[in-house]
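Residues in the sequence shown are numbered consecutively from 81, following the numbering used here.
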Amino acid sequence: MTMELYDVLGRLVLAAVCAAVVGFEREASHKAAGLRTHTLVGVGAALFTVVSIVGFDEADQSRVAAQIVTGIGFLGAGAIFREGHFVKGLTTAAGLWAVAALGMAAGSGRYDIATLGTIVIITVLLGFRVIDAYVARQTRQHRDRLEIVIEETDLLKDLFKFMKRIDESAEQLSFRRQRDGSGVLTMGADPDRSEMLREMLSVHRGIREVELLSPLFFGHERPDDT
């Protein structure tokens with residue numbers, strides 16, 4: 081199959097634009113794979129698709145598409161890493177995978193699919209971020225609070241590790257230093273584990289006092305039942 085040069089250029093440019101839109105959002109979110117990475121993935125996928133169309137008339141062109149998906153799988157795996165109890169980079173890896181699909185759509189000449197796909201992907205990245213923030217905020221508002229007085233601020237790192245082993249969802253809400261060199265750390269914890277945390281922290285080295293405060297309830301202290 082022959083293809084005019086301007087047609088090839090149009091497909092590659094569309095792939096670059098669609099991928100760059102997604103990459104810009106990732107770049108603005110300070111992710112490891114940003115504008116250039118996403119753009120290169122999109123253009124590369126489009127180029128492979130175009131070559132499979134014009135260069136292998138008698139071959140099964142779907143085999144090239146399958147290899148693109150496999151190759152992006154290896155690239156996406158490199159964006160995923162584990163930090164403590166948390167796995168990071170899943171959204172970035174999924175974004176690279178989706179951008180490759182955009183490149184394949186543009187490379188095959190389906191401008192409509194590439195454009196609509198870009199709109200849907202950006203809607204998911206931006207729209208769902210708002211939903212995620214809302215859900216996280218509501219979840220945080222229903223968590224118990226632990227106010228921990230520590231002897232020395234140097235103990236913070238070890239204290240965080242200790243708490244994470246007991247409650248993976250434990251998070252720092254605030255911290256303030258005292259004039260005597262001690263510090264007051266306020267942590268959010270799972271209500272089902274907060275009492276156990278309080279008891280274990282009470283006998284932890286370097287901790288002066290632990291107080292279990294009222295849970296947060298829609299931004300305010302939960303009212304008494306009486």
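All C-beta atoms in this analysis are idealised placements derived from N, C-alpha and C, irrespective of residue type, glycine included. Since the structure is predicted, the reported quantities are computational estimates derived from the model, not experimental observations.
Determine the DSSP secondary structure at residue i, reduced to helix, strand or coil.
i             : result
glutamate 232 : coil
aspartate 272 : coil
glutamate 84  : coil
serine 262    : coil
threonine 171 : helix
arginine 225  : strand
arginine 91   : helix
serine 188    : coil
Is it the case that the CB of residue i approaches a heavy atom of the ligand FAD more closely than 7 Å?
i             : result
histidine 118 : In the structure shown, the ligand FAD is absent, as is every other ligand, since no ligand is present at all.
Between the alpha carbons of residue i and residue j, how many angstroms are there, rounded?
i             : j                 : result
leucine 120   : arginine 209      : 25 Å
threonine 203 : threonine 129     : 26 Å
glycine 197   : valine 131        : 22 Å
glycine 175   : glycine 261       : 46 Å
glycine 286   : methionine 280    : 12 Å
serine 274    : glycine 122       : 47 Å
threonine 171 : leucine 85        : 35 Å
leucine 89    : alanine 96        : 10 Å
histidine 118 : aspartate 212     : 23 Å
valine 102    : arginine 259      : 48 Å
threonine 306 : histidine 110     : For threonine 306, the predicted model reports a pLDDT of 33, less than 50, meaning its position is unreliable; a value from the coordinates is still stated below. If I take the Cα positions, the gap works out to 48 Å.
proline 271   : arginine 245      : 16 Å
leucine 94    : leucine 293       : 56 Å
leucine 115   : phenylalanine 104 : 5 Å
glycine 207   : histidine 284     : 43 Å
alanine 108   : phenylalanine 255 : 28 Å
Between residue i and residue j, is the Cβ-Cβ spacing less than 8 Å?
i              : j              : result
alanine 126    : glycine 187    : yes
arginine 42    : valine 290     : No answer is possible for residue 42: it lies beyond the span of the chain, which begins at 81 and ends at 306.
methionine 83  : valine 134     : yes
glycine 151    : alanine 173    : no
arginine 288   : glutamate 231  : yes
glycine 189    : arginine 91    : yes
methionine 243 : methionine 276 : no
alanine 194    : leucine 182    : yes
aspartate 224  : alanine 269    : yes
isoleucine 160 : glycine 153    : no
isoleucine 148 : alanine 180    : yes
alanine 178    : isoleucine 199 : no
Looking at the secondary structure, which residues open and close the beta strand (DSSP E) in which residue i lies?
i          : result
valine 290 : 287-293
| field | Whole runs of the beta strand (DSSP E) within the stretch 99-144, excluding any shorter than 3 residues | value | none
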